[in-house]
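Asks:
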Ligand code: GLV
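In our numbering, the protein residues as written are 5 to 324.
#1: Taking the runs of the beta strand (DSSP E) that are 3 residues or longer, which of them lie wholly in the stretch 147 to 229?
#2: Shortest alpha-carbon distance to residue 36 belongs to which of 267, 281, 254?
#3: Quick check: what's the CA-CA separation for residue 233 versus residue 165?
#4: Can you give me the C-alpha to C-alpha distance between residue 328 and residue 85, rounded to a whole angstrom?
#5: At a cut-off of 7 Å, would you count residue 82 as near the ligand GLV, judging by its Cβ distance to the nearest heavy atom?
#6: In angstroms with no decimal places, state the Cα-to-Cα distance between residue 134 and residue 284.
#7: Would you mind working out which of 46, 55, 117, 78 sits nearest residue 257, comparing C-alpha positions?
#8: Go through the stretch 224 to 269 residue by residue and report every complete run of the beta strand (DSSP E) that reaches 3 residues or more, in order.
#9: Count the CB pairs spanning the stretch 81 to 101 and the stretch 49 to 65 that are closer than 8 Å, and state whether there are at least three.
#10: Residue 282 bridges to which residues according to DSSP?
#11: Using three-state DSSP, classify residue 86 as helix, strand or coil.
#12: Below 8 Å on the Cβ atoms is my contact criterion, and I expect residue 153 with residue 202 to pass it. Report the Cβ-Cβ distance as a whole number of Å.
#13: Under a three-way DSSP split, which group does residue 78 fall into?
#14: Which runs of the alpha helix (DSSP H) spanning at least 4 residues fall entirely within the stretch 33 to 67, listed in chain order?
#15: CB residue 112 to CB residue 261, shorter than 8 Å?
#16: Measuring CA to CA, which of 170, 208, 159 is closest to residue 185?
#17: Verify the contact flag: residue 253, CB atom, against every heavy atom of the ligand GLV, threshold strictly below 7 Å.
#18: Quick one, are the C-beta atoms of residue 102 and residue 291 less than 8 Å apart?
#19: What separation, rounded to the nearest whole angstrom, lies between the Cα atoms of residue 239 and residue 248?
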């Protein structure tokens, strides 16, 4: 029997995808393509499986061109790049990679929150560029953490891991979530969370109800001293409104692991603001997390090809 054809949208280290060896016929997209390269697209009519990165659009139109598709395995916890509704209609399971990136993403969230709170990018640049005079009692003053309130929007696994870390810094916790969870943190409506928090951190998935969740109205509700952290998805924040908020002092600063669009072009005015820290979507970028994500993506893929239930299936209702 011939091996099933699998399209991998971007090269991955061999050791990470060793499980696929001898089991599938793998066609790998070229480096430099965020989504399907034209060379990879040519294989869609024969493809039985797709192993996609979060930058690859798996939409209705693509599904039409892949009539033999049996599984979409996304190497990410978020699946906003995949039309899950269309996949579910066609009973195509969609795999994702939860849990293994929770710690890495929560660590990065704390890293950029602390960097913004203590103004690391500005002060490091000032030191390097010769603006470090004598020790200044009033130079580069930042936010106090102990006793400050962190408002977490989206108290899922990553939100809770951030809360656990923030608790260690003596930060008070509040969250907004569709469902109340077992937690010492205060469960607040969005408006109250925005008005009362010193730091606001986003950890909700991107979907129709969260697209543009933080816009002009919400940014204006926040404290003028507040720091906004986004390690979820760029479009949860209205970028134009954020630019105004940072320029005009509606909030103090922002720390962004994700932007809209991605990559954020080097000419984007957000980069010119001293109160905006931007890193290139590296929440899960640790050796361990990325390798486990790839391994789980392979496990999901192989299960789907074998007609078995995916170990981590986003649309598990297809098995009902
Ligand atoms: C990263 O952003 C992911 O969704 O895995």
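Note that CB positions come from ideal geometry on N, CA and C, so glycine has one too.
Replies: In this structure, then:
#1: 153 to 157, 176 to 180, 203 to 206
#2: 267
#3: 15 Å
#4: Lying before the first or after the last residue shown, residue 328 is absent from the chain, which here runs from 5 to 324.
#5: yes
#6: 27 Å
#7: 117
#8: 231 to 234, 257 to 260
#9: yes
#10: 260
#11: strand
#12: 5 Å
#13: strand
#14: 42 to 45
#15: yes
#16: 159
#17: no
#18: no
#19: 16 Å
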